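Take my numbering: the last position of the sequence shown gets the number 1116, and nothing is skipped along the way.
Cβ coordinates follow ideal geometry from the N, Cα and C atoms, glycine included.
Predicted, not measured: the structure shown is a model, and the values here were computed from it.
One structure below.
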Amino acid sequence: MTVFRQQLKETLRLALPVSIGMLGHIMLGLADSLMVGRVGADELAASSLVNGLVWLVVVFGLGLSMAISPLVAIERGKGETSSCGSILRHAVWLNGLAGILLSLMVYMLAETIPLLNQTPRVAQLAESYARIIAYSIFPFILFQTFRQYIEGLSLMKPAMYVVLITNVVNVIGNYAFIYGHWGLPAYGLDGAGYSTFISRVFMAAAMILYVLKQKSLKPFDPGIRIRKFTPAVVKELLRIGIPSGFQHFFEIGAFSISAVMIGWLGSLQLAAHQIALSMASVSFMIILGVSAASTVRVGTALGQGDFRQVRRAGFTGVLVALTFMASSGILFVLFRRQLPYLFVEDPQVAGIAAVLLIVAALFQLSDGAQAVGLGILRGIKDVKIPTVVTFIAYWVIGLPVGYILAFPLGYGVVGVWLGFLAGLSTAGIVFLIRFGRLTKLS
């Protein structure tokens, strides 16, 4: 019992700051939506369209950065402190290049927005907004790079503080640029883009300065200038990072396609879907903190050669995730009739959302299992097979099951959400079985 308590305490200590930081990222988007929504419905629609498209591109950059924390944790576990700095330096140049390429992709993607069959006003607003957002991707990727580095060293709080302060910077920027205060013109939706750019530059600068100036990090040899280029380090970053990017792309892409299918059913169903998904996203963001903490703990134990600790750290993270998600599911069921009215006053939409929250409650356990399962497998550098599993779970099982239930069998939006349940359950079960087998003690 004492060993378990220590495992639980360490997992929660690392997970809590990351979870708060993840919620902080949600608050950044929520602030933009609330403040842009006051300008007009077209501006809000354009913002939603661009953010959805941009996220599908940026997710590959996030995947590359996710390779950093397990590699740093493993080297730290080995006691190879200088190798941690080498990983950071190579990652800065690799991810920086990726950030530039992704920025260019989004800038060019803006040109295709008029082809997406949107109203002329929404298309015009979205095209301009996307060009501005494109400039913010590079600093965002830099922030993620340095964030993953210090999280690999089990330092979770600095990124949390930076994100929380950035929320204040973003709200002030939105107030000034969207509505036109302090002598500035009212830029409307473009103003939200300017504020996002400034906020992300602030995030990157704050995180970089912390890493380079913090005296306690000096033994880990952080820096930007590469003293010796090591192809093996780049290869390892790509070996873990590229599959990680595809894992998130397959999941996010499947949910995006599902939203399109739900749109075929009507605006009421789509609105209910957005409400229930927003609720489920809050619990998921907290679980991402548990996943990140578990990745680091598993990687550190692997570097130390303590395979019993690898297994304990992984399954402790899973237990924390399942416990929390079970509690979330119970809350969704108990308050399913009240929660939708936080978003909408339409009783029809609220009624549909209440049913979806029951399904959301069912897949909370699966969502927790797959999120932490991916994290602990990444901690032992197992990424290729999980990527294939992710594709099969969401695109071969989840989407087809959702379509068949929704349309041929007539279950509508509930059918699509049952497809979520099938896909997430498949991924979660397979990931946990795989981790158990790979870490089985002889």
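Kindly give me the distance between the Cβ atoms of residue i and residue j, rounded to whole angstroms, as I take these residues to be in contact under 8 Å.
i	j	result
residue 1087	residue 1026	6 Å
residue 1102	residue 1076	No, residue 1102 and residue 1076 are not in contact; Cβ-Cβ is about 17 Å, not under 8 Å.
residue 796	residue 723	7 Å
residue 726	residue 918	That belief does not hold up - the Cβ atoms of residue 726 and residue 918 are roughly 21 Å apart, past 8 Å.
residue 998	residue 961	7 Å
residue 787	residue 955	Not really, about 25 Å apart at Cβ, beyond 8 Å.
residue 750	residue 827	6 Å
residue 702	residue 840	7 Å
residue 684	residue 743	That pair is no contact at about 16 Å.
residue 1056	residue 1095	Not a contact, Cβ separation roughly 25 Å.
residue 768	residue 911	6 Å
Whose C-beta lies closer than 6 Å to the C-beta of residue i among residues of the same chain, with five residues either side of it excluded?
i	result
residue 872	847
residue 709	848 and 852
residue 944	936 and 937
residue 987	971, 972 and 975
residue 697	959
residue 1131	In this structure the chain extends from 675 to 1116, so residue 1131 is not present and cannot be described.
residue 1099	1040
residue 748	973, 976 and 977
residue 755	893 and 894
residue 1036	1095
residue 964	689, 991, 994, 995 and 1046
Using the beta-carbon count (16 or more within 10 Å), is residue i buried or exposed?
i	result
residue 890	exposed
residue 856	exposed
residue 740	buried
residue 793	exposed
residue 923	buried
residue 969	buried
residue 712	exposed
residue 1019	exposed
residue 676	exposed
residue 813	buried
residue 979	exposed
residue 1166	For residue 1166 there is no data in the structure shown, the boundaries of the chain being 675 and 1116.
residue 896	buried
residue 967	buried
residue 1043	buried
residue 1028	buried
residue 894	buried
residue 1065	buried
residue 903	exposed
residue 1004	exposed
residue 808	buried
residue 654	One cannot answer for residue 654 here, as it falls past the ends of the chain, which runs 675 to 1116.
Rounded to whole angstroms, what is the Cα-Cα separation between residue i and residue j?
i	j	result
residue 913	residue 817	21 Å
residue 939	residue 885	49 Å
residue 706	residue 729	15 Å
residue 746	residue 1091	38 Å
residue 1089	residue 1060	26 Å
residue 789	residue 734	24 Å
residue 1046	residue 995	7 Å
residue 1041	residue 682	20 Å
residue 949	residue 1010	11 Å
residue 859	residue 865	9 Å
residue 778	residue 1110	42 Å
residue 1084	residue 704	34 Å
residue 1001	residue 695	21 Å
residue 1106	residue 868	43 Å
residue 908	residue 892	22 Å
residue 1073	residue 882	40 Å
residue 803	residue 844	16 Å
residue 933	residue 946	11 Å
residue 842	residue 811	20 Å
residue 686	residue 957	15 Å
residue 761	residue 888	18 Å
residue 1115	residue 878	42 Å
residue 815	residue 1104	30 Å
Note down, in chain order, each residue of its chain lying with its Cβ closer than 7 Å to the Cβ of residue i, except the 5 sequence neighbours on either side.
i	result
residue 953	1006, 1013, 1031 and 1034
residue 691	830, 831 and 834
residue 1068	924, 925, 928 and 1097
residue 898	763 and 766
residue 805	781 and 784
residue 880	836
residue 1071	1096, 1097 and 1100
Excluding the 5 residues flanking residue i on each side, which residues of the same chain have their C-beta closer than 8 Å to its C-beta?
i	result
residue 1022	942
residue 1079	1085, 1088, 1089, 1090, 1092 and 1093
Indicate, with yes or no, if the ligand GDP has a heavy atom lying under 7 Å from the CB of residue i.
i	result
residue 913	The model on display carries no ligand, and the ligand GDP is accordingly not part of it.
Can you find at least 3 beta carbon pairs, one from the region 971-991 and one from the region 713-731, that sit closer than 8 Å?
-> no
Count the C-beta pairs between the region 805-822 and the region 760-779 that are closer than 8 Å, then say yes if the count reaches three, no if not.
-> yes
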